[in-house]
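Structure, as structure tokens:
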């Protein structure tokens, strides 16, 4: 798998150069173009071209989304940009929901108009959703520019944006901010160290435990040291069970937060004018990088809009909006080669060093099983 690009990590050799422009070729939609044909489309070309897809999506007029906080990796700008470009309303239900909640919404609302059309999932949840055959195979126009190993073999999901697990810290409330997992066990951090959710449901919290495992002598095959770390953190009194959110950060309820670097970097920018001095450090002893995946509900009530949303996310416009949210877009190297990258936004990414590696689907599934049986034991009571 390719590295996650950064100011300190090379980009060469990740992806072959290719145009990211969406194709508008193909026949115009006919009277027989229907939701059924959109639901069966595995590419815009297969539906008759981008023009046909846009027409069908506009006719549907709505996109059902779930778990897309506006301040998460610049989702607010992505939602607004899609609506402005196509006139399609995005209904974003329960923005703070976790990846497992998205899976539950697909399964529990099958056949309902309020079922999600699209989902944004942590890596392990994308894998489990594909195993349950919940997603529709679909290849966006820039699909061939997505690096090898970053897609499901059947194109039922593919990675979109990512980052590194980092330690965010309120420097006005914490005298010396921690920069490693080892630091987090120090007594001066009593009651201060939080995660963004429950790792059995949340992709970011899952990544936090995986990173702790790597810091404690574990591996992609062994997440147990991560559970042991949080058990120690709980026993020492340093673990804060409050779920870290923008609100808790601003209020000082979670003065130290283990979270993706793009979220912590976003908090630093967002709250600077409000007197919060939020710092971001990618821990050298637990360097864990991962992407989030996009997928289309195979029973999406708005199948054309769902596919058009994916095309937008994987266009140069959509990928650069991720970048402006401090996230590393999956097409970043291809865009550098094509000259479509936002260089100013790229220069603002949190600094990291070294070359990250990624767990396989099987390793993630194994870790997820271990968390399901061990998390409550580690921090409960």
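In mature numbering (1 follows the signal peptide of the UniProt record, and there is no 0), the protein residues as written are -24 to -1, 1 to 357.
Beta carbons are placed, not taken as given, at the ideal position from N, Cα and C, and that holds for glycine.
What you are looking at is a predicted structure, and each value in this text was computed from that prediction instead of being measured.
A contact between stretches requires three or more CB pairs, one per stretch, nearer than 8 Å, and the segment 279 to 287 fails this requirement with the segment 298 to 308. Here DSSP, grouped into helix, strand and coil, assigns residue 246 to helix.
Residue 116 sits away from residue 351, with the two beta carbons spaced by 9 Å or more.
Residue 70 is positioned such that its CB atom lies closer than 9 Å to that of residue 42. The Cβ atoms of residue 272 and residue 114 lie closer than 9 Å to each other. Around the beta carbon of residue 349, fewer than 16 other beta carbons sit within 10 angstroms, so the residue counts as exposed. Under DSSP, residue 69 shares a beta bridge with 42.
Each residue's CA atom was taken as its position, placing residue 87 and residue 286 some 21 Å apart. When C-alpha distances from residue 96 are compared across 235, 73, 183, the shortest belongs to 73.
In chain order, 74, 75, 76, 77 place their CB closer than 8 Å to the CB of residue 177, counting only its own chain and leaving out the 5 sequence neighbours on each side.
Judged by pairs of C-beta atoms under 8 Å, the segment 216 to 229 does not touch the segment 288 to 298, as fewer than three such pairs exist. By DSSP's assignment, residue 348 forms no beta bridge with any residue.
Around residue 170, the same chain offers 216, 218, 220, 230, 233 as residues with beta carbons nearer than 6 Å, after the five sequence neighbours per side are excluded. In this structure, the alpha-carbon of residue 134 lies about 16 Å from that of residue 93.
Counting along the chain, the unbroken alpha helix (DSSP H) around residue 285 starts and ends at 279 to 289. In its chain, beyond the 5 residues on either side, 99, 138, 183, 334 have a beta carbon closer than 7 Å to the beta carbon of residue 266. Residue environment for residue 329: exposed (fewer than 16 other C-beta atoms within 10 angstroms of its C-beta). Note that the segment 144 to 164 touches the segment 244 to 262; at least 3 beta-carbon pairs, one per stretch, sit closer than 8 Å. If you ignore the 5 residues before and after residue 165, its C-beta comes within less than 7 Å of the C-beta of 154, 214, 232, all in its own chain and listed in chain order. Cβ contact annotation for residue 187 (same chain, cutoff 6 Å, sequence separation greater than five): 141, 262, 264, in chain order. No residue range can be given for residue 108, since it is assigned to no alpha helix (DSSP H) and is classified by DSSP as neither H nor E. Counting of Cβ neighbours within 10 angstroms places residue 66 among the buried residues, the total reaching 16 or more. With contacts defined by Cβ atoms closer than 9 Å, residue 195 and residue 189 form a contacting pair.
Going by C-alpha positions, residue 320 is about 17 Å away from residue 244.
Judged by DSSP in its simplified three-state form, residue 258 adopts coil rather than helix or strand.
Within its own chain, the residues whose Cβ lies closer than 7 Å to the Cβ of residue 102, once the five positions on either side in sequence are excluded, are 133, 269, 271, listed in chain order.
Apart from sequence neighbours up to five positions away, the residues of its chain that approach residue 128 with a beta-carbon distance below 6 Å are 106, ordered along the chain. In the three-state reduction of the DSSP assignment, residue 132 falls in the coil class, being assigned neither a helical nor a strand state. Contact annotation: residue 81 and residue 276 have beta-carbon atoms that are not nearer than 9 Å.
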